[in-house]
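Report on the structure given below.
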DNA sequence: AATACATATTGACAACTATCGATATGCTTG
DNA sequence: CAAGCATATCGATAGTTGTCAATATGTATT
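Chains as they are written, first to last, in our numbering: chain F, 174 to 284; chain Z, 174 to 284.
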């Protein structure tokens with residue numbers, strides 16, 4: 174089975190930034206609007222908007238407009254999907270890509 | 174509780190690349206040497222060495238010299254640690270950072 | 001319609017990343 | 001020790017990222 178690693182890259186990239194990790198954590202219990210998220214950081218409004226765009230485009234965060242505000246929330250399904258993907262590529266498995274290694278020996282060593 | 178998001182950034186950054194995700198997958202069942210990993214990709218030897226450095230410096234991959242070869246393996250503890258961190262920041266929790274949000278209402282909405 | 005507020009977009013820029021070819025280092029074997 | 005193979009490092013380069021100030025857009029209120 175060929176796994177589609179590239180499919181997960183945008184979400185993992187979205188998580189590979191300290192600011193965005195904190196935002197994900199902040200959204201784990203419910204919705205927050207941009208202005209309240211902004212208060213927790215020492216970054217400009219445009220920078221936060223940039224981070225929220227990366228998070229929403231990655232699918233990890235949902236954003237809905239509510240009048241003048243944007244309400245952001247965590248897309249739990251997507252987050253769980255990423256976690257499941259991680260778990261799958263870091264666990265031994267019967268159809269593992271490494272089984273294709275020509276010189277792999279019986280003790281799981283090659284070379 | 175203040176979480177140390179920054180602590181996990183190098184490992185997540187290491188995972189945010191298609192090539193390195195595939196390498197992690199290849200190492201999930203056992204050790205492989207650089208030359209065998211290289212065969213699975215269309216990249217130069219120096220580029221692979223660069224990726225292996227990022228993976229080992231992040232702690233996700235262990236590299237040990239074995240004569241002329243390097244034997245790489247997944248650091249399962251580190252991988253599990255990252256997964257546990259993800260799980261923790263994407264799940265509701267009593268000590269959640271979002272609970273500090275001034276305007277958070279009883280229905281977990283703010284604004 | 002004018003003003004104020006919330007958020008998004010733009011343009012600029014410095015820092016970082018992925019890549020390569022060339023070269024260096026380290027190990028093994030004749 | 002010389003040659004050859006495995007891996008690492010270096011220097012260059014094109015592309016990406018995170019940041020800001022300025023500006024634009026969208027919504028609510030007066």
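Yeah, the Cβ is synthetic: ideal placement off N, Cα and C, and Gly gets one too. None of these values were measured; they are calculated from a predicted model.
Beta carbon proximity, residue i to chain Z, threshold 9 Å
i, result
"residue 191(F)", "yes"
"residue 237(F)", "no"
"residue 230(F)", "no"
"residue 214(F)", "no"
"residue 226(F)", "no"
"residue 277(F)", "Unreliable positioning characterises residue 277(F) in this predicted model, as indicated by a pLDDT of 45, which lies under 50. A coordinate reading is not provided."
Beta-carbon contacts of residue i that lie in its chain and below 7 Å, excluding the five residues immediately before and after
i, result
"residue 282(F)", "Because residue 282(F) carries a pLDDT of 46, less than 50, the predicted location of this residue cannot be relied on, and no value is offered for it."
"residue 187(Z)", "193, 227, 228, 231 and 233"
"residue 201(Z)", "247"
"residue 258(F)", "181"
"residue 218(Z)", "211"
Own chain, CB closer than 6 Å to residue i, minus 5 neighbours either side, in chain order
i, result
"residue 236(F)", "229, 243 and 245"
"residue 204(Z)", "244 and 246"
"residue 223(Z)", "none"
"residue 279(F)", "Low per-residue confidence applies at residue 279(F): pLDDT is 39, beneath 50, and the placement is therefore not dependable, though the value from the model is reported in the following sentence. Taken in chain order, the list of residues that qualify is empty."
"residue 221(Z)", "211"
Proximity of residue i and residue j at Cβ, strictly below 9 Å
i, j, result
"residue 247(Z)", "residue 263(F)", "yes"
"residue 185(F)", "residue 177(Z)", "no"
"residue 197(F)", "residue 252(F)", "yes"
"residue 210(Z)", "residue 199(Z)", "yes"
Beta carbon proximity, residue i to chain F, threshold 9 Å
i, result
"residue 247(Z)", "yes"
"residue 221(Z)", "no"
"residue 194(Z)", "yes"
"residue 217(Z)", "no"
Cβ separation of residue i and residue j, assumed to be a contact under 8 Å, to the nearest whole Å
i, j, result
"residue 191(F)", "residue 182(Z)", "5 Å"
Proximity winner among the options, relative to residue i (alpha-carbon distances)
i, options, result
"residue 241(Z)", "208(Z), 180(Z), 196(Z) and 199(Z)", "208(Z)"
"residue 179(F)", "266(F), 265(F) and 255(F)", "255(F)"
"residue 265(F)", "265(Z), 214(Z) and 249(Z)", "249(Z)"
Beta-carbon contacts of residue i that lie in its chain and below 8 Å, excluding the five residues immediately before and after
i, result
"residue 206(F)", "239, 242, 243, 244 and 245"
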